[in-house]
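Residue numbers (my numbering), protein chains in the order written: chain A, 4 to 438; chain B, 224 to 513; chain C, 229 to 424.
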Amino acid sequence: MSIKITKEIIEKIEGEAQLELVWGNGRVKDSKVKFFSYRGMEEIIQGRHPLDALVFTPRVCGICGHAQLMASVHALEDIYQNCGIKIELSQKAKKIRDLTLDCEIIQNHLKWYFFIILPILYKIKGKVFPKSKSFKALNATIKANKIIATFAGQWPHNSYMIPGGIVCDPTYVEIYQAKSYIDEVISFFEEEIVKGDINSIVHIKNIKELMDFEGFLKETVNIIQENDLAHLGKAHDRFIAFGENSIFEKGKAIKTVAKGVHPRYIQEESLDFTYAKNVTYNDRFYEVGPLARAMIASNTLAKSLHRVYKDSVLNRIVMKVMEIAYLSYQVRDTLECIDINEKSFIKPKVKIETLEGTGNGFAEAARGSLYHSIKIKEGKIDLYNIITPTQWNLGNSTKSEELSTIQQALLGLRNENEISLIFRSFDECSVCTTH
Amino acid sequence: MYKKSILWIQGITCNGNTQSFLNFPRLEIFTKQYKFLYHPYLESTLDINEALNYKEKIDFLIIEGAISKEFVRAGEIFYEKVKLLCKNAKYILAVGTCATYGGIFKEKDPKNITGVVYNKEESNGFLSEFRKKVFNLPGCPAHPEWIVYTIETLSAKGKLKVDEFSRPKEIYGYLTHHGCTRNEYFEWKVDTKNFGEKEGCLFYIQGCRAPITHGSCNKILWNEVSSKTRSGSPCFGCTESSFPRKNMFETKTFMSIPADLPTGVSKRAYLTVTGIAKTFHIKRLKEKLI
Amino acid sequence: MAFLKKEEKKINIMEASLKLFSTKGFYNTTIPDIAKSIGMSVGNMYNYFKSKEALAMAIMQYTSDILGEKIKKINKKNISVYEKIKLITAMYFEIADKKPEMIEYFLRVYLSNRDVFKEGCEGMICVSAFVTEIMIFFEEGVRSKELRDQDFFSAFGLFMGYLGGMVFLKGENVLDKPLDDYIEDISKNIYLALKA
């Protein structure tokens, strides 16, 4: 049995990581993911005014800063609740917060699909992915980001969510503008990814129906199946999600059975060779992200794919792409039912710096569950902890009984193409993982 | 046709400037006009390690992120590599507040993390030896139009007017305050009592730094549609060396008078004009807009 | 030169008006009364002030400018806040003693006849010079951490209400000591109330 070890730098993941693979008999037997440095956001925030967290935490990451903002504001609002002070949020504030986060997720998935996944798939079939298509997708992301900027002022890096609501007070002008932009995003999806009508697309129940529509998604499935990749990349078939919004539910699903979750069972573990910490739930590794969310919400298509492919790279990629459709559809829906006459912001009865206590905040970021926990003492942040989605997916197991999600997914892979595809199907973020 | 080369490299960063750059509406044509030796997201000629070890001349070296002597990027000591890249670069753009002054990530270890040329407002950043060819584009993040403007102007003219922090005057000569849709409330000192309202100025109570911050945010809109202050958020002063500040959602006042006054305005002048304006009650400005 | 003469003439008119308002009362004093007291024709008077209301407002600005200038000098001194309070109090009482018509005008005409001043003297525009200097005094006191941070009007009301109140009592001949004798106690009270 010939054993060799390779080390490879994976780049353009909001930074880089080093993937160390142990090979035996031409297949991956073990792996380690190493991140090179960290910036110390949790230490930087310590000692600051609680509301300043809303400015700092988006700077954990350039592509998912909006999710960081959402988790932060939830954590701050949780402190109020834990101190017995009711925080009232209008439906309008909740809906606008949700839809701008949905847009950040949409633009993330589009970038991932057109700049990373499709180029890898085309390479697998010996072709070069046309750059013009990538830029067409980028234009769609620009539209999604315009929606965010319409309400939040700008993307990236806004702080428009504060305890009690949002700082903007839009008119119907902003609503109809946002609606035109999401229509353009939907149009792009219908023209390029799944060629059809969005109203039919979101109701696709199984792979057979999916393949009735032309477009990049059909091509994706074809390439994966034709190159024997469809059953690769399976992890533990365990999914978890903590954030909730109009289409996401919180919970965990082991294979297909969904159950409740509580943050007290989340454990973090530091390692000596990398700046990323492991995260487990009740001592087990889980997968977070679009596939996890779909499984927990009992999405028909995800469950249908799961029957044949379990948590393989095929299911993972298809559900992430489909999440673009589900979210765009939802954003359009939400815009139609916002009542701008409601208040944007309902001032909390006391200032947050007068409170002492802890709070937990969750959000579903593009890549999966994001968790912030905060402790305030004497009007300042005493402790701040952030656990990011990539930490869940990219652990390095120290237990003999179980590998981490990514380690399990990489097991048995044979070549560069397979490793590249499976690794990037998890859509890692280097800056988030190490923060 | 010779295409000028761009090598975009990152120190201690969040990738905000990279993502902001991807919002540039004319990006496709821009990538055809320049040669991207390396970019943290877009397709590039080199991979990260090749980029760090690049020995040839570079037209535009873009540095995003703060600088420390220990920071490791892709397994290499960033500081040693970036120094050589700086030597070989014709122009260096320090993109973002971290690259300009140290920014948010400097706060982790203030003595050992700086911007390229500046270290807060001191000009002893770890790469300040290259100051003559550095153009600073602070902002958290920087606006893509500011970046492309700088590259295009330098390409065409070889130089551009800068202020005392080497920031292009055509961008940073403006204040973020110029063009805010709430200007009338500022003029008549009508503060906004709460967040989430269309009316009122955020300078007096809600911590807005726009009258004290250099930038074009209300002239060249963000994502072509808006800005922080237009959407009811205070400006946090992210283009200045004092960013990140303390208590950013609140204006520091001394007996109801803002501690920091609009740039260049004397206290007496300010109070004579606005102290009195505060005692007026212009009915229209106290009412809802809609 | 002509401009300076015009300004001097205006000041003469205003000073004369102040004296007459103080002895005869605001409503009892007419423009002809004022013109006669300085030997000017009534027609000429109207070249300087279009109406009695315009004159009233100009006087308010004039006295405010004078008081403002004096407070500005005190503000610029490099002394403690307590010393400044003493000097401002002393200055205010000195004017009450030497030019009583000025403070009386403020208390008995400006404050008591709001209808005269309602158009053209909105808010505190006519007393702007004076109010600006008080604002600067407070702002610098809080910035140097000698005074407690609070709403401007709370502090203003305490300081000016107190001083005005004392002068009013003097005008009513209720006080048994000269105003100067009260400077020490009053300054202390103000300082203790406002200090950090």
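The beta carbon of each residue, even a glycine, is placed where N, CA and C say it ideally should be.
Based on the DSSP secondary-structure assignment, which residues constitute the bridge partners of E345 (chain B)?
B:N342
Closest Cβ-Cβ distance between T486 (chain B) and chain C: below 8 Å?
Not closer than 8 Å to any Cβ of chain C, the Cβ of T486 (chain B) fails to qualify, so no.
Determine the chain C residues that contact T502 (chain B) at a beta-carbon separation under 7 Å, and present them in chain order.
G351, M352
Any beta carbon of chain B sitting closer than 8 Å to that of A366 (chain A)?
No, A366 (chain A) lies away from the interface with chain B (no Cβ there is under 8 Å from its Cβ).
I'd like to know if S479 (chain B) contacts chain C, where contact means its C-beta is closer than 8 Å to some C-beta of that chain.
yes
Pick from B:F388, B:F283, B:Y397, B:G325 that is closest to N359 (chain B), judged by C-alpha positions:
B:F388
V31 (chain A) in three-state terms, based on DSSP:
strand
Whole-angstrom C-beta distance between I48 (chain A) and I390 (chain A), which should lie under 8 Å:
In fact, because the Cβ distance is near 15 Å, the residues do not count as touching under 8 Å.
Using a Cβ cut-off of 8 Å, pull out every chain B residue sitting near V370 (chain C), in sequence order please.
Within chain B, the residues near V370 (chain C) are F477, M478.
From C67 (chain A) to E107 (chain A), what does the alpha carbon distance come to, in whole angstroms?
7 Å
At the 8 Å Cβ level, is H160 (chain A) part of the contact set with chain B, yes or no?
yes
Mind listing the chain C neighbours of A322 (chain B)? Cutoff is C-beta to C-beta under 9 Å, in chain order.
Those do not exist, as A322 (chain B) stays about 34 Å from chain C at its closest Cβ, beyond 9 Å.
For I286 (chain B) and Y261 (chain B), believed in contact at Cβ under 8 Å, the rounded distance
Between I286 (chain B) and Y261 (chain B) the Cβ distance is about 12 Å, and since that is not below 8 Å, they are no contact.
Mind checking whether I227 (chain A) and L308 (chain A) have CB atoms under 8 Å apart?
no
How should Q84 (chain A) be labelled, buried or exposed, when 16 other C-beta atoms within 10 angstroms of its C-beta is the threshold for buried?
exposed
Which residue from A:Y374, A:M164, A:R370 puts its Cα closest to that of V264 (chain A)?
A:Y374
Can you pull the chain C residues whose beta carbon is under 9 Å from the beta carbon of T474 (chain B), in chain order?
Neighbours of T474 (chain B) on chain C: none; closest Cβ ~12 Å, over 9 Å.
Alpha carbon to alpha carbon, what distance is there between I302 (chain C) and A433 (chain B)?
33 Å
Report all residues from its chain with a CB closer than 8 Å to the CB of T223 (chain A); omit the five preceding and five following residues, and keep chain order.
I120, L121, L124, I320, V321, V324
So C363 (chain B) and T320 (chain B) are supposed to be a Cβ contact under 8 Å. How far apart are they, rounded?
5 Å
Taking its Cβ as the centre, do 16 or more other Cβ atoms sit within 10 Å of N342 (chain B), making it buried, or is it exposed?
buried
Within chain C, the residues that T495 (chain B) reaches when beta carbons sit closer than 8 Å:
S356, A357, T360
Members of the region 172-193 of chain A near chain B, C-beta cut-off 7 Å
D172, T174
Given a limit of 7 Å on CB to CB distance, which residues of the region 283-308 of chain C reach chain B?
none
Which same chain residues end up closer than 6 Å to P369 (chain A) when comparing Cβ atoms and leaving out the 5 residues on each side of it in sequence?
For the sequence presented, residue 369 (chain A) should be read as Ala rather than Pro. For A369 (chain A), where only same-chain residues beyond five positions count, the Cβ hits under 6 Å are C67, I108, N111.
Leaving out the 5 sequence neighbours to the left and right, which residues in its chain are closer than 6 Å to I271 (chain A) when beta-carbon positions are compared?
According to the sequence provided, residue 271 (chain A) is Glu. The question's Ile does not apply to it. The residues are K280, V282.
Any chance you could list the alpha helix (DSSP H) runs of at least 4 consecutive residues sitting entirely within the region 319-407 of chain B, in chain order?
Runs found: 320-324, 326-329, 367-380, 392-395.
If you measure beta-carbon to beta-carbon, which residues of the region 201-222 of chain A are closer than 8 Å to chain B?
Within the region 201-222 of chain A, not one residue has a Cβ closer than 8 Å to any Cβ of chain B.
Nearest to I480 (chain B) (by Cα), restricted to the options C:F365, C:M352, C:S250, C:V309:
Closest option to I480 (chain B), Cα to Cα, is C:F365.
Checking 8 Å against the spacing of the C-beta atoms, do Q180 (chain A) and T144 (chain A) come in under that value?
no
Bridge partner(s) assigned by DSSP for S372 (chain A)
Checking the DSSP bridge columns, you'll see S372 (chain A) partnered with A:E367.
Which of helix, strand or coil DSSP assigns to R432 (chain B)
coil
If you count every other CB in all the chains shown that lies within 10 Å of the CB of E344 (chain B), and 16 or more means buried, which is it?
Taking all protein chains in view, the Cβ of E344 (chain B) is surrounded by fewer than 16 other Cβ atoms within 10 Å, so the residue is classified as exposed.
8 Å Cβ cutoff, I316 (chain C) in contact with chain B:
no
Looking at the C-beta of I290 (chain B), does it have a partner C-beta in chain A at a distance below 8 Å?
no
In the DSSP assignment, find the alpha helix (DSSP H) that holds A492 (chain B) and state where it starts and stops.
490-493
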